[in-house]
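Reading through the structure tokens given below for one structure.
Residue numbers (this note's numbering): 25 to 526.
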């Protein structure tokens with residue numbers, strides 16, 4: 025899925041190029057480690073929220089943990105939202121542009137920036153920079169045969185585990201950096217081509233999914249360019265101790281498509297990882313792993329099962345990462361698609377196809393063959409969240425035409441919409457859950473402003489709303505009683521509940 029800039033809000037992209045794996049537009053990625061085992065079976069009547077850390081624990085990687093359900097277990101009472109106050113007296117300004125979710129663990133907050141290619145670590149209590157020179161810059165250019173040189177910077181979130189910060193760099197490497205000072209532990213090449221070569225524009229915008237239990241992290245490889253300069257998708261596994269790399273191509277040699285710009289889901293107890301892939305090139309039958317759900321072996325990276333979206337729409341990436349859960353006695357997995365649908369499949373029988381397909385957002389009626397530009401409010405690339413028997417999904421312009429975006433709460437076992445919340449803008453990033461709250465960002469259709477809304481997870485009623493004078497493409501994160509939100513201009517808007525702060 026690759027993307028070409030369309031708006032003044034991404035002026036730098038017009039000069040620097042786009043990032044992605046096979047579409048027309050510059051849609052920023054949507055972009056912890058904790059439990060990665062089985063998902064407990066639960067239903068809408070599963071009972072009260074389990075007690076846990078006050079305000080939740082760490083949020084150490086994109087979507088919180090290897091399972092990727094975007095839930096921070098713990099106590100975050102809806103009544104405490106009224107007490108949210110600015111977290112830092114002098115919050116860092118990361119400058120344009122930021123498209124990635126902040127990660128929070130082990131006393132630090134780590135941000136990655138687009139185009140400038142910076143990794144910035146700050147003290148969680150004070151917001152003060154911790155690394156020399158304000159952070160690490162890892163921003164060698166990508167060169168491809170279609171568009172020449174570009175410097176997209178980071179379109180993938182970092183991950184923090186056991187004193188190490190892991191980042192997927194635009195220079196083609198995955199880096200393990202010491203959390204204390206940002207120095208290298210190792211670097212591992214996940215691209216095929218060497219830096220500076222007349223390469224095909226491979227780019228990692230898949231946020232590292234880290235499993236300390238398996239001793240590995242996983243990233244996908246996609247394209248920095250548009251449909252006419254697509255790459256062949258791949259998945260890479262990297263040893264956390266040594267940096268040794270294992271890779272698996274998802275198309276035959278010489279073919280294009282099936283890039284992965286979403287994040288990998290790891291279900292350790294089931295010995296499976298799951299991926300969603302970008303659009304096809306040519307007939308769908310020639311690239312069966314494109315625009316698809318994949319189940320893979322975490323050791324060999326061999327594809328064990330798959331389902332391909334049969335939609336005839338050209339630009340039909342899964343920008344949403346897959347969210348696993350159990351419901352109605354079934355092991356399920358869900359993701360939204362640019363075609364505006366939420367797809368729910370049995371993760372132990374992907375090839376049987378969806379058990380539920382729910383339209384949640386429109387596509388462009390004036391361009392139905394391609395018409396799925398998420399930063400015009402069409403379709404969805406927002407990753408669903410799951411907790412306490414409820415699946416939450418979001419996207420762009422609503423099917424009924426009443427709002428530029430929405431969040432829905434779903435009882436999947438009974439194929440029932442429990443609640444709907446209309447958002448003031450379209451939703452691009454992943455949702456975030458903790459205790460009794462659900463947090464969602466949305467951006468105005470003119471891409472000049474955005475909102476952070478804190479909802480009651482039980483009924484999607486609005487508890488609190490915050491506004492920014494810039495678009496937001498990064499999903500929020502929740503840790504230790506605080507909400508971390510960064511707009512695309514690099515302004516950090518972080519709010520904490522004093523009762524929960526440690």
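For glycine and all other residues, C-beta sits at the position ideal for the given N, C-alpha and C.
Residue environment analysis places residue 265 among the exposed positions, since fewer than 16 neighbouring C-beta atoms fall within 10 angstroms of its C-beta. Selection 443, 506 and 207 evaluated against residue 158 yields 207 as nearest (Cα-Cα).
As DSSP reads the structure, residue 149 sits in no beta bridge. A direct Cα-Cα distance of roughly 15 Å separates residue 182 from residue 204. Residue nearest to residue 260 within the set 279, 465, 226 and 254 is 226 (criterion: CA-CA distance). The straight-line gap separating the alpha-carbon atoms of residue 477 and residue 315 is approximately 31 Å.
Within its own chain, the residues whose Cβ lies closer than 6 Å to the Cβ of residue 337, once the five positions on either side in sequence are excluded, are 363, listed in chain order. Per DSSP, reduced to three states, the secondary structure at residue 511 is coil, with no helix or strand assignment. For a cut-off of 8 Å, the C-beta gap from residue 457 to residue 503 is around 12 Å, too long to register as a contact.
Inside the stretch 78-139, DSSP marks whole beta strand (DSSP E) runs of 3 or more residues at positions 127-129 and 132-136, from first to last along the chain. The closest CA to that of residue 480, considering only 470, 271, 468 and 432, is found on 432.
With three or more CB-CB distances shorter than 8 Å, the stretch 400-415 counts as touching the stretch 443-462. DSSP places residue 400 in the helix class (H, G or I) of the three-state scheme. In terms of Cβ geometry, residue 469 and residue 428 form a close pair [threshold 7 Å]. Counting along the chain, residue 263 sits inside the beta strand (DSSP E) bounded by residues 258-263.
Per DSSP, reduced to three states, the secondary structure at residue 522 is coil, with no helix or strand assignment. For residue 161, the closest alpha carbon among the candidates 138, 307 and 263 is that of 138.
Per DSSP, the beta bridge partners of residue 414 are 411.
Taking every protein chain shown into account, the CB of residue 375 has fewer than 16 other CB atoms within 10 angstroms, so this residue is exposed. The beta carbon of residue 474 is closer than 7 Å to those of 449, 465, 466, 467, 468, 492, 494, 495, 496 and 511 in its chain, skipping five residues each way along the sequence. Under the three-state reduction of DSSP, residue 163 is assigned to coil, being neither helix nor strand.
Between residue 180 and residue 247, the C-beta gap is not smaller than 7 Å, which leaves the two residues out of contact. No alpha helix (DSSP H) of 4 residues or more sits fully in the stretch 287-314. Our two residues, residue 319 and residue 516, have alpha carbons roughly 36 Å apart in a direct line. Within the same chain, and ignoring the five residues on either side of residue 94 in sequence, the residues whose Cβ sits closer than 7 Å to its Cβ are 87, 88, 407, 409, 454, 455, 456 and 457.
The residue from 514, 273, 400 and 347 with its alpha-carbon nearest to that of residue 91 is 347. Under DSSP, residue 378 takes part in a beta bridge, and its partners are 369. Classified as buried, residue 84 has 16 or more neighbouring CB atoms from the shown chains inside 10 Å of its CB. Annotation: the continuous beta strand (DSSP E) that includes residue 355 extends over 354-360. In this structure, residue 357 lies away from residue 416, with their beta-carbon atoms at least 7 Å apart. Going by beta carbons, residue 281 and residue 254 fall inside the 7 Å limit. Under the DSSP assignment, residue 440 falls in the beta strand (DSSP E) whose first and last residues are 440-447. Taking 7 Å as the cut-off, the Cβ atoms of residue 111 and residue 519 count as close. Only buried fits residue 350, as 16 or more other CB atoms lie within 10 angstroms of its CB. In the DSSP assignment, residue 141 falls outside any beta strand (DSSP E) and carries neither an H nor an E. Comparing C-alpha distances from residue 308 to each of 136, 331, 295 and 402 shows the shortest one belongs to 331.
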